[in-house]
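These protein sequence lines map, in sequence, to chains A and B. Residue numbers for the first sequence follow our numbering, beginning at -8 and rising by one. Residue numbers for the second sequence follow our numbering, beginning at 189 and rising by one. Even glycine gets a Cβ: it sits at the ideal position worked out from N, Cα and C.
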Amino acid sequence: MRSNELVPLTTLSSGEVGVVQALVGGLRLRSRLATLGFIPGARLMMMQNFGYGPLIVNIRDTRIALGRGEAMKVLVKRMTNDR
Amino acid sequence: MTDDQTTMTKPEIRNQITVALAGQPNVGKSTVFNLLTGLSQRVGNWPGKTIEQKTGTYHYNDTTVNIVDLPGTYSLTANSLEEQIARDYIIKEKPDVVVAIVNAAALERSLYLVAELLELSVPVVLGLNMTDVAEQQRMHIEPHVLEAALRLPVVPMVASKNQGIRELVEAVDHLARNPDSYAPCRPGIREDHQAVLSQLQEIITGQVPEPYPEGWVALKLLEGDREITRMMQERLSPEKWEQVHAILMQHEDAVLAVAGARYEWIGRMVRAALVRPTFGQISLTDRVDRYATHPFWGLLILLGMLGLIFWLTYAVGAPLQELLDTYLVQAGAEWVRAALSAAPTWLVELLADGVIGGAGMVITFLPILVIFFAALGLLEDVGYMARAAYVMDRFMHLMGLHGKSFLPLFLGFGCNVPAVMGARVVEEHKARLLTILVAPLVPCTARMAVVAVLVPIFFSSHAALVSWGLVGLNLVMLAIIGIALHELVLGGKHVAFIMELPLYHLPNARTIGLSVWQRLVAFLKKAGSIIVVVSIVVWALSVLPGGEIESSYLAALGRLLVPLGGLMGLGWQMMVALLTSFVAKENTIATLGVLYSAGEEGTRLAEVLPGVLTPAAALAFLAVQMLFIPCVATVATIRQETGSWRWTAFSVALLLVVSFAVGIAIYQGARLVGWGM
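Written as structure tokens, this is what we have:
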């Protein structure tokens, strides 16, 4: 899974790093996410993802909790873990 | 307010300026506001809106500075009512200076709002707050370098430790006196969208209503801002709107491009000023959150916290409440009786029972309110509230509520008043309204007290089962009504769950104290007067005209309700008991005691009641009692918190309909199956 394919944010597991590639979904949701820094090119780290329920990502020094439905709309590219 | 026309030309003799305080959530803005204004602050509503507006003043040299605290928003795009209020204020009221507070520990994210502020023409002073937290996160910021890049006054601050406030005040004063010195670096738009933007601007030129800047309107169109889009659609001729619409359709992605350009600008601004550790440092917050936001441990921690709050309420609040009742309320009533022994009986009764009874109830609420508000304030201030919301969100979402609604609703088991007031922690306007509307369905201790007395009388062998069943009934109704109102109030829209989890930090006593103080004052001032008036009215109805409740207007009203009561197997006495429960839920028992001449103790009621009520009617009565309109204190608080008599009336009507419908369903259902008749 080190390919360049786009995956929804929900597929990152805790501790994995990704780069935002695109936002899909309604204008209002994209606008809110973009405001918080979910912009193509932005790096984020999955802080908590149990595979169900909401998840937490760290983006631009902020921990953001997202519902699964919302996280599905954020398409990312998985990065090799460089911690 | 300021008198711009006459004094603009001579700023040196101005002695009144208006400053708007802007900032994203979780940047310490309210701490800054509290430090600047102290107890001079006034809490009201934004004109025509049900969102809280805080204003205050401070004095600096010979200048009186009026501060308006704008709602905390992530941006100035009208995605929410708060964002619309914030930007409308800046554009239409044109404050002399905007103080933008940013969180140094999340500098880039919180500068986003500043990027949007700089697209408007108002002068901005940047309050770089929480520099201590940034240092803890091993981020190092050079304020002077940032200042040089932004070409704005930048004031480093630690508001929680009262550092930097004086410098902020000086910077505001300096900028207000020298507006010409202000020439900030403003964010631009990416080159690939430059052409589109000027194309849009060309079409709308001359058509934009005052006081909106044309370039800004074009930008907001490109971002897909609903308000601005609607405004321009109304303003433009159909042909011109068609052109605009065609351009916007071609550039559906522009919302990301515009936001992206702002973040690129921010990146350039902070590049030299910010030294940060490598990406993905694990902080204390992350370590705590492994448990606090865990689906299992998080729930356990939350339950522990709630247990602690309730323990405090009963261990400290309840005895205090009794002390206040004995030594203040009852003693006051005794004193009135003694002092006015020569006065007419009706006057003594009015003062001792009506006025002091009502005012006394307001006073005895205070200990519980202080404990609940302090607990809420503390959990909010340390940053735990967002975690509780996160843990509970999956459950609350089922009924269209936000996770943040959970805590205030849970407090409702103690008392509905703090539940309604606590709904303030829910920032989103509609979700807050929904929380307030369902809050009275949480059975409070006073209702449970009535259940505790009445259930054993009728259902001695299954008392626990019936009591829990009644609580369960309330919660089921809460869920059903929550889902139904969600369809109605929110139009059934899925509430997006996007929430910031702020860094944990030490609580600030001043912030918590002020939040408790403000909520108490709001309760006493607005709700208090309604409670006293309604208590007096109900008291008067229960003694007029003859002095006996049996022959009173209230009893007459109860007799009027007999046809309704009959559907539930209830006589007029039971309907009167329900009516008096409006003043305080505990009144139910006292009223029944008086009406069935059984004294006020449950023991004699136990002998009388089974003779006049069938088990089916008793169950119906208990269900109605649990779902009935809340006490007057809660209703008054709903009025105060929604700022709307219409929503208050809606809430009362809804609960009346629901409670009687359930009562009738239970009694008629029992009749059908032939149980308990």
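Straight-line gap, residue i to residue j (C-alpha atoms, nearest Å)
| i | j | result |
| --- | --- | --- |
| E788 of chain B | G781 of chain B | With a pLDDT of only 47 at E788 of chain B, under the threshold of 50, the placement of this residue in the model should not be trusted; the figure read from the coordinates follows. Using only the alpha carbons, I get a separation of about 5 Å. |
| T779 of chain B | D513 of chain B | 19 Å |
| F770 of chain B | M763 of chain B | 11 Å |
| T26 of chain A | S425 of chain B | 32 Å |
| P628 of chain B | I826 of chain B | 10 Å |
| M493 of chain B | Q382 of chain B | 53 Å |
| L66 of chain A | A684 of chain B | 17 Å |
| K217 of chain B | E270 of chain B | 15 Å |
| R414 of chain B | M437 of chain B | 14 Å |
| G565 of chain B | L622 of chain B | 21 Å |
| G657 of chain B | V641 of chain B | 16 Å |
| G495 of chain B | S593 of chain B | 18 Å |
| L508 of chain B | P555 of chain B | 6 Å |
| R859 of chain B | V812 of chain B | 17 Å |
| E(-4) of chain A | L3 of chain A | 13 Å |
| G790 of chain B | K773 of chain B | Note on G790 of chain B: pLDDT 47, under 50, position unreliable in the model; the coordinate value appears next. Roughly 15 Å separates the two Cα atoms. |
| V558 of chain B | T1 of chain A | 42 Å |
| G799 of chain B | V643 of chain B | 15 Å |
| G82 of chain A | Q39 of chain A | Past the edges of chain A, shown from -8 to 74, lies residue 82 of chain A, and the structure says nothing about it. |
| G315 of chain B | A210 of chain B | 10 Å |
| A667 of chain B | L597 of chain B | 12 Å |
| A849 of chain B | L500 of chain B | 37 Å |
| N662 of chain B | C632 of chain B | 11 Å |
| T822 of chain B | P606 of chain B | 9 Å |
| A786 of chain B | L793 of chain B | Note on A786 of chain B: pLDDT 48, under 50, position unreliable in the model; the coordinate value appears next. About 6 Å. |
| H439 of chain B | A619 of chain B | 32 Å |
| N222 of chain B | P733 of chain B | 52 Å |
Extent of the continuous alpha helix (DSSP H) to which residue i belongs
| i | result |
| --- | --- |
| L46 of chain A | Unbroken run through L46 of chain A is the beta strand (DSSP E), 46 to 50; no alpha helix (DSSP H). |
| V174 of chain B | Since the first residue of chain B shown is 189 and the last is 865, residue 174 of chain B is not available in this structure. |
| R365 of chain B | 353 to 365 |
| V432 of chain B | 426 to 438 |
| P751 of chain B | 750 to 754 |
| V458 of chain B | 442 to 458 |
| V820 of chain B | 820 to 830 |
| S847 of chain B | 833 to 861 |
Supposed close pair residue i, residue j - CB separation, criterion 8 Å
| i | j | result |
| --- | --- | --- |
| L46 of chain A | M37 of chain A | 7 Å |
| I854 of chain B | A808 of chain B | 4 Å |
| Y479 of chain B | V570 of chain B | Incorrect: roughly 15 Å between the Cβ atoms, too far for contact. |
| L729 of chain B | S740 of chain B | 6 Å |
| L224 of chain B | I255 of chain B | 6 Å |
| I278 of chain B | V286 of chain B | 6 Å |
| G412 of chain B | L20 of chain A | Wrong, their Cβ atoms sit about 11 Å apart, outside the cutoff. |
| V613 of chain B | L595 of chain B | 7 Å |
| F139 of chain B | G602 of chain B | Here chain B has residues from 189 to 865 only, and residue 139 of chain B is not among them. |
| V207 of chain B | P283 of chain B | 6 Å |
| V402 of chain B | Q389 of chain B | The sequence given here places Glu at residue 402 of chain B; Val does not occur at that position. Right, their Cβ atoms sit about 6 Å apart. |
| E616 of chain B | H590 of chain B | 6 Å |
Span of the beta strand (DSSP E), counted from its first residue to its last, around residue i
| i | result |
| --- | --- |
| K282 of chain B | No beta strand (DSSP E) contains K282 of chain B, which DSSP labels as neither H nor E. |
| Q12 of chain A | 8 to 14 |
| H247 of chain B | 240 to 248 |
| I205 of chain B | 204 to 211 |
| G315 of chain B | 312 to 317 |
| L57 of chain A | 53 to 57 |
| Q39 of chain A | 34 to 39 |
| K68 of chain A | 65 to 69 |
| L(-3) of chain A | -3 to -1 |
| N233 of chain B | 230 to 233 |
| P31 of chain A | It is not in any beta strand (DSSP E) - P31 of chain A carries neither H nor E in the DSSP assignment. |
| V343 of chain B | 342 to 344 |
**Request:** Mind the definition here: the stretch 410 to 424 of chain B touches the stretch 358 to 366 of chain B only if three or more C-beta pairs lie below 8 Å; say whether that holds.
**Result:** no
**4-residue-minimum alpha helix (DSSP H) runs that sit fully inside the stretch 686 to 720 of chain B, ordered along the chain** = 697 to 710
**Message:** Is it the case that the stretch 653 to 667 of chain B contacts the stretch 538 to 557 of chain B, given that we only count it when at least three CB pairs across the two stretches are under 8 Å?
**Reply:** no
**Asked** Is the number of C-beta pairs between the stretch 452 to 465 of chain B and the stretch 13 to 20 of chain A that are closer than 8 Å three or more?
**Response** no
**Inside the stretch 485 to 566 of chain B only - alpha helix (DSSP H) runs reaching at least 4 residues** = 485 to 500, 506 to 512, 519 to 527, 533 to 537
**Request:** Only counting runs of 3 or more residues, tell me where the beta strand (DSSP E) segments fall wholly within the stretch 252 to 297 of chain B, in order along the chain.
**Result:** 285 to 291
**Item:** Contact the stretch 741 to 761 of chain B vs the stretch 701 to 709 of chain B: 3+ CB pairs below 8 Å
**Value:** no
**Asked** Can you list, in chain order, the stretches of the alpha helix (DSSP H) that have 4 or more residues and sit fully within the stretch 616 to 687 of chain B?
**Response** 617 to 626, 633 to 646, 651 to 677
**Message:** Using a Cβ distance threshold of 8 Å, determine whether the stretch 517 to 528 of chain B contacts the stretch 543 to 552 of chain B, with at least three qualifying pairs required.
**Reply:** yes
**Asked** Are the stretch 714 to 721 of chain B and the stretch 315 to 327 of chain B touching, with three or more C-beta to C-beta distances below 8 Å?
**Response** no
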